Ligand code: SF4
Ligand code: SF4
Ligand code: SF4
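Numbering (the working numbering), first residue to last: 51 to 295.
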């Protein structure tokens, strides 16, 4: 029997689910190997007998919590899909301002109609078995993770920094272009997507484990920065990270 999988979304732009839909021909291989029972972005049928749940988005309302817990209870394997789910992502920018001010800014006179909670990644609420990082996710990595899960293996997610992939690609370092880059402390796996197109890494894949030990410190040192100073310059994706506070 094919494993049953389902996709769910919380606060997010749904761009990571779109990446999955955009797999097109490659998605046909996945569809051949699994039974997709729920995927709002791509189909109208809906069943709750899934074994693997892909959850996109961060938790931003009280009512999200019981919904996520119910998904966790049903799923044998819970996968966090994209930065909003894995690290809180851009939604956590609101955590830097008083919650009432943010609500008024967004909803104006109707602010009281809408509940809100400090944004958080899904593993702040339930245990997560596997992470697919990035904003948006990398299509190739999604396929790699799905294949590993179907073979009963733990997907391998890099623990080394983006700089490693960037140097391998022969890119000119973004610091040389006068910008600051989070590549020395950010988890690799995107193939140094942004520096390859002359943009800085903003940390969408989250920090590497123990950045103070594992960072590409010589890059930071060359440009006069410490790990803390580099992280401190980026709030866009690291709002939930203790290291960024
Ligand atoms: S991680 Fe980025 S692309 Fe994915 S849902 Fe969140 S905001 Fe959208
Ligand atoms: S700091 Fe950024 S641009 Fe420079 S090597 Fe590292 S990832 Fe590449
Ligand atoms: S280079 Fe950095 S910001 Fe760009 S996709 Fe990779 S991890 Fe994300």
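Just so you know, even glycine gets a beta-carbon here, dropped at the ideal spot from N, CA and C. For clarity, every value in this text was computed on a predicted model and none was experimentally measured.
What's the C-alpha gap between residue i and residue j?
i: residue 106; j: residue 163; result: 25 Å
i: residue 72; j: residue 216; result: 25 Å
i: residue 265; j: residue 235; result: 5 Å
i: residue 101; j: residue 238; result: 28 Å
i: residue 94; j: residue 125; result: 20 Å
i: residue 97; j: residue 179; result: 22 Å
i: residue 294; j: residue 52; result: Unreliable placement is indicated for residue 294, whose pLDDT of 45 sits below 50; the coordinate value is still reported in the next sentence. Cα-Cα distance, rounded: 42 Å.
i: residue 246; j: residue 139; result: 22 Å
i: residue 165; j: residue 281; result: 31 Å
i: residue 183; j: residue 131; result: 7 Å
i: residue 63; j: residue 133; result: 11 Å
i: residue 276; j: residue 85; result: 48 Å
i: residue 65; j: residue 190; result: 15 Å
i: residue 154; j: residue 147; result: 12 Å
i: residue 55; j: residue 168; result: 29 Å
i: residue 220; j: residue 278; result: 26 Å
i: residue 170; j: residue 185; result: 15 Å
i: residue 99; j: residue 248; result: 45 Å
i: residue 89; j: residue 260; result: 35 Å
i: residue 115; j: residue 136; result: 16 Å
i: residue 255; j: residue 188; result: 10 Å
Considering only DSSP beta bridges, list what residue i is partnered with.
i: residue 211; result: 237
i: residue 257; result: 236
i: residue 184; result: 187
i: residue 105; result: 58 and 130
i: residue 88; result: 56 and 96
i: residue 170; result: 109
Looking only at C-alpha atoms, which of the options sits nearest to residue i?
i: residue 285; options: 189, 252 and 91; result: 252
i: residue 181; options: 129, 270 and 98; result: 129
i: residue 240; options: 174, 210, 113 and 279; result: 210
i: residue 176; options: 205, 223 and 127; result: 127
i: residue 229; options: 250, 92 and 151; result: 250
i: residue 87; options: 58, 257, 206 and 291; result: 58
i: residue 75; options: 290, 193 and 224; result: 193
Could you give the DSSP three-state label for residue i: helix, strand or coil?
i: residue 116; result: helix
i: residue 231; result: coil
i: residue 218; result: helix
i: residue 122; result: helix
i: residue 294; result: Per-residue confidence for residue 294 stands at a pLDDT of 45, beneath the threshold of 50, marking its modelled position as unreliable; the derived number appears in the next sentence. In the structure shown, residue 294 sits in a helix (DSSP, three-state: H, G or I).
i: residue 224; result: helix
i: residue 287; result: coil
i: residue 74; result: coil
i: residue 276; result: coil
i: residue 203; result: coil
i: residue 137; result: coil
i: residue 142; result: helix
i: residue 179; result: coil
i: residue 162; result: helix
i: residue 63; result: coil
At least one CB of chain B closer than 8 Å to the CB of residue i: is that the case?
i: residue 108; result: In summary, chain B is missing from the structure at hand, where a single protein chain is found.
Three Cβ pairs or more, each shorter than 8 Å: is that satisfied between the stretch 201-214 and the stretch 99-117? no
May I ask you to verify whether the stretch 116-123 touches the stretch 79-89, counting CB pairs closer than 8 Å and requiring at least 3? no
Count the C-beta pairs between the stretch 275-289 and the stretch 137-144 that are closer than 8 Å, then say yes if the count reaches three, no if not. Yes, since at least three Cβ pairs between the stretch 275-289 and the stretch 137-144 fall closer than 8 Å, the two stretches touch.
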